[in-house]
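Undergrad:
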Amino acid sequence: MRAVALSLLLLAAVIFVLTHGRGGVWGYVNAASEAAMVGAVADWFAVTALFRRPLGLPIPHTAIIPERKQTIARSLEDFVTDNFLTADNVRTRLQSAEVMLRVGRWLQEPANARRAVAEASPALARGVSSVKDSEVAELLDRILLPRLGREPIAPLAGSLLEGVVRDGSHRGLVDLGVTQLHDWVIANEETVSQILATRAPWWSPKSLDDIVIRRVHAEMVTWLADVRDNPDHRVREALDEFLRELAGRLQTDPDTQAKAEALKLTVLEHPSVAGSLVSLWGSVRRALVEALGDEDGELRARMARALGDLGGRIVTDASFRASLDRRLADAVVYMVTTYGRELSTVISQTIDRWDGREASQRIELHVGRDLQFIRINGTVVGGLVGLLIYTLAQLL
Numbered sequence: 000m001r002a003v004a005l006s007l008l009l010l011a012a013v014i015f016v017l018t019h020g021r022g023g024v025w026g027y028v029n030a031a032s033e034a035a036m037v038g039a040v041a042d043w044f045a046v047t048a049l050f051r052r053p054l055g056l057p058i059p060h061t062a063i064i065p066e067r068k069q070t071i072a073r074s075l076e077d078f079v080t081d082n083f084l085t086a087d088n089v090r091t092r093l094q095s096a097e098v099m100l101r102v103g104r105w106l107q108e109p110a111n112a113r114r115a116v117a118e119a120s121p122a123l124a125r126g127v128s129s130v131k132d133s134e135v136a137e138l139l140d141r142i143l144l145p146r147l148g149r150e151p152i153a154p155l156a157g158s159l160l161e162g163v164v165r166d167g168s169h170r171g172l173v174d175l176g177v178t179q180l181h182d183w184v185i186a187n188e189e190t191v192s193q194i195l196a197t198r199a200p201w202w203s204p205k206s207l208d209d210i211v212i213r214r215v216h217a218e219m220v221t222w223l224a225d226v227r228d229n230p231d232h233r234v235r236e237a238l239d240e241f242l243r244e245l246a247g248r249l250q251t252d253p254d255t256q257a258k259a260e261a262l263k264l265t266v267l268e269h270p271s272v273a274g275s276l277v278s279l280w281g282s283v284r285r286a287l288v289e290a291l292g293d294e295d296g297e298l299r300a301r302m303a304r305a306l307g308d309l310g311g312r313i314v315t316d317a318s319f320r321a322s323l324d325r326r327l328a329d330a331v332v333y334m335v336t337t338y339g340r341e342l343s344t345v346i347s348q349t350i351d352r353w354d355g356r357e358a359s360q361r362i363e364l365h366v367g368r369d370l371q372f373i374r375i376n377g378t379v380v381g382g383l384v385g386l387l388i389y390t391l392a393q394l395l
C-alpha cells in the first residue's frame, strides 16, 4: 500500500506539471492535482512523523513513537486499566459468555470428561508425589496435632455419631465385624476351645469339659450367624441404643466429655501417632499415584463419571449454575480490581524493553497498512477539496 500511496502522489505531480498554465477545463484538473499533492505530502508527513523524522530533518514533534514510547506505554497502560480491567466490564463479559454453561456442556460429553481426567492426572500425581514425608511430619507435629489437642472433640464426635446412627451408616461396619467374627470362630475352633478350657473348673472331668466346649462353640457360631443374618436382632438394637446414648452423653454430659478429651490427649501424645499417620500417608500417596497413572483404572473412571455428573448438573440446575457464575465472577473481579494495575504493567514493561527503533518498527508493522490508506485518502480528498475550491473561485 505504500507503493500505491507514492504512485498517487507521483501521478498528481505529473498531472500538475502537464496541465500547468493551461486554461479551460485543464485549470480544474490542475487545481485538483495541486491540492492532491498538498494532501498527499501533508499526510505522508503526518504518517512518517509518527515513526521517524521525515527526510531525516530534526523537525520538532516528529519521530513521536521512538521519542515518547515510555509516555505512550504508560498512557496505553492507563487506558487498558481504566476502560477494560474494571469490575463492570468483567461481570458483563462473563455474563454474556456463559462460561459455566459452556463448561457444563463440554463436561457432559464422556470423551471430554475422560480427556480432562487424562490431562489432570499426571499433574495431580506429581503434586501428590512432591509432598515429602518430612513435610507431612512437620505439619502434623507443629500444626495439626497441637491444634487438634486444643479443640474440644467430644461435642463434634457426639454430633457425628448421632448422625451416623440416625442414617444407619454404621450398619455396614457392624455387618463386616459380625461376619469376620463369625468366620474367625469357625476357622479357629481349636483356639476358642483352648480359651474355654482355661475357664473350666479344676474339678470338672475332661470328658465333660470337651462336651461343654463343643456345645458352647456351636452356640457361638449359631448366635453370630443369627446376628449376622437378622438386621432386627436384639443385639443390633441394643448396639444402636448404646451408640445413641453415647452420642447424647458426648454432647451434653461433662463427665463423658472429660473422659473423651482425656482419651484424645492420650492418643495424640503417644509417640507413635505421628509416625503412624506419616506411614499411612505414604501408603495413601503410593496408592493414589499408582491409581492416577493407570489409564484404565477405577479411580480415573470414577473421576470421569464425577465430572460428567457435574457437567450435567451445571446444565440442568439453573440455580447451581448461577451460583458458580457468581463465584467465578467474584473471583475474576477480585483479581482484576486487586491486581489489574499490576497485570497491565506488562504493557509498559514490554515496551520499555524495546529500544525506540524497535518499538517504532513493531507498531508500524501492525498498523502500517491502515496508515498508508490515510495517505491515499489524503491524496483523493485533497484533490476533491482543491477542485471544489477552484470551482467556487471561478463562480465568484
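Residue numbers (numbering that gives the first Met the number 0): 0 to 395.
Every residue gets a Cβ at the ideal spot worked out from N, C-alpha and C, and that includes glycine.
1. Closest to E76 by CA distance: which of S347, L395, R368 is it?
2. Alpha helix (DSSP H) containing T344: first to last residue?
3. If I measure Cβ to Cβ from P109 and keep anything under 8 Å in the same chain, skipping five residues before and after, which residues do I get?
4. Out of M99, A30, G23, state which residue places its alpha-carbon closest to the alpha-carbon of I388.
5. Let me know the alpha helix (DSSP H) ranges lying completely inside the stretch 80-156, each 4 residues or longer, listed in chain order.
6. When you compare each of I142, N82, A39, D239 to G171 by their alpha carbons, which one comes out closest?
7. When you compare only the Cα positions, how much space is there between A119 and F78?
8. So what's H19 in DSSP terms, helix, strand or just coil?
9. Run through DSSP, which three-state label would S168 get?
10. Rounded to whole angstroms, what's the CA-CA distance from R213 to R233? Just pull it up for me.
11. How about the stretch 115-131 and the stretch 291-302: do they share at least three Cβ pairs that are nearer than 8 Å?
12. Helix, strand or coil, according to DSSP, for L56 in the structure here?
13. Could you say if the stretch 250-262 and the stretch 150-165 meet the contact criterion of at least three C-beta pairs nearer than 8 Å?
14. Relative to the alpha-carbon of P145, which residue among G167, L159, V266, A392 has its alpha-carbon at the smallest distance?
15. Helix, strand or coil: which one does DSSP assign to G162?
16. Determine whether the beta carbon atoms of S32 and A4 lie at a separation below 9 Å.
17. Checking 9 Å against the spacing of the C-beta atoms, do G401 and V102 come in under that value?
18. I'd like to know if the stretch 328-336 and the stretch 86-100 are in contact, where contact means that at least 3 CB-CB pairs between them fall below 8 Å.
19. Below 8 Å on the Cβ atoms is my contact criterion, and I expect N100 with R320 to pass it. Report the Cβ-Cβ distance as a whole number of Å.
20. So, with DSSP's three-state summary, where would you put V238?
21. Rounded to the nearest angstrom, how far is the Cβ of L8 from that of M36, given a contact under 8 Å?
22. Can you find a CB in chain D that lies within less than 9 Å of the CB of H60?
23. How far does the alpha helix (DSSP H) with P230 in it extend, from its first residue to its last?
24. Rounded to the nearest angstrom, what separates Q179 and E189 at their Cα positions?
25. Would you tell me roughly how many angstroms separate the C-alpha atoms of T197 and I185, rounded to the nearest one?
26. I think H181 touches A224, with their Cβ atoms under 8 Å apart; what is that distance to the nearest whole Å?
27. Which whole runs of the beta strand (DSSP E) in the stretch 238-303 are 3 residues long or more, in chain order?
28. Any idea what DSSP makes of L395, helix, strand or coil?
TA: Answer, in terms of the structure:
1. S347
2. 317-352
3. A303, G307
4. A30
5. 86-96, 98-107, 109-129, 132-138, 144-149
6. D239
7. 37 Å
8. coil
9. coil
10. 25 Å
11. yes
12. coil
13. yes
14. V266
15. helix
16. no
17. Residue 401 cannot be examined here, being either before or after the span of the chain that is shown, 0 to 395.
18. yes
19. In the sequence as presented, Asn is not what sits at residue 100; that position holds Leu. Confirmed, about 6 Å.
20. The question names Val, but residue 238 is Leu in the sequence shown. L238: helix per DSSP, three-state reduction.
21. 7 Å
22. This model lacks chain D altogether; it includes just one protein chain.
23. Looking at the DSSP string, P230 is not in any alpha helix (DSSP H), and its letter there is neither H nor E.
24. 17 Å
25. 19 Å
26. 6 Å
27. none
28. coil
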